[in-house]
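Student: Before anything else, here's the structure in question.
In this note's numbering, the protein residues as written are 56 to 166.
Here's what the structure looks like:
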């Protein structure tokens, strides 16, 4: 499996918007004046749910935590949180760290 150890993002030079994906134009203002950046690896859980019944290629992962994580740059992204041993302990505000980008599911963080 191919994974990357950087968290790629895009920074708009026009409006300063940052997004956790590589895009050709800014999703906020539409400008094509963008640059690829590497986002910092630390984040916090902004919102989450525990998925007990996965589907498709995620079926074998269930149960798992699906979360919106906010990076140090205040970029929010939807991600899987791995290495959770007790789902009842996960809470909003918990610190997480970027692990890799899985080509099938995107960015993965660990608890």
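Backbone N, C-alpha and C fix where the C-beta goes; we use that ideal spot for every residue, glycine too.
Bridge partners for residue 120 per DSSP, in chain order?
Tutor: Residue 120 pairs with 105 and 136.
Student: For the ligand PLP, any of its heavy atoms closer than 8 Å to the Cβ of residue 86?
Tutor: In the structure on display, the ligand PLP does not appear, and there are no ligands present to speak of.
Student: Of the residues 70, 89, 93 and 138, which one's Cα is nearest the Cα of residue 166?
Tutor: Cα-wise, what sits closest to residue 166 is 138.
Student: DSSP has residue 144 in a bridge; who is on the other side?
Tutor: Answer by DSSP bridge pairing: none, since residue 144 is not bridged.
Student: Suppose you measure from the CA of residue 154 to the CA of residue 69; what does that come to, to the nearest Å?
Tutor: Residue 154 and residue 69: Cα-Cα distance of roughly 30 Å.
Student: Report buried or exposed for residue 126, applying the criterion of at least 16 other Cβ atoms within 10 angstroms of its Cβ.
Tutor: Classification for residue 126: buried.
Student: Using alpha carbons as the reference points, say which of 143, 136, 149 and 116 lies closest to residue 163.
Tutor: Ranking the options by Cα distance to residue 163, first place goes to 136.
Student: Considering Cα atoms alone, identify which of 92, 98 and 122 is closest to residue 106.
Tutor: That would be 122, whose Cα lies nearest to the Cα of residue 106.
Student: Would you please state the rounded distance, in angstroms, between the beta carbons of residue 100 and residue 64? I believe it to be under 8 Å.
Tutor: No, residue 100 and residue 64 are not in contact; Cβ-Cβ is about 19 Å, not under 8 Å.
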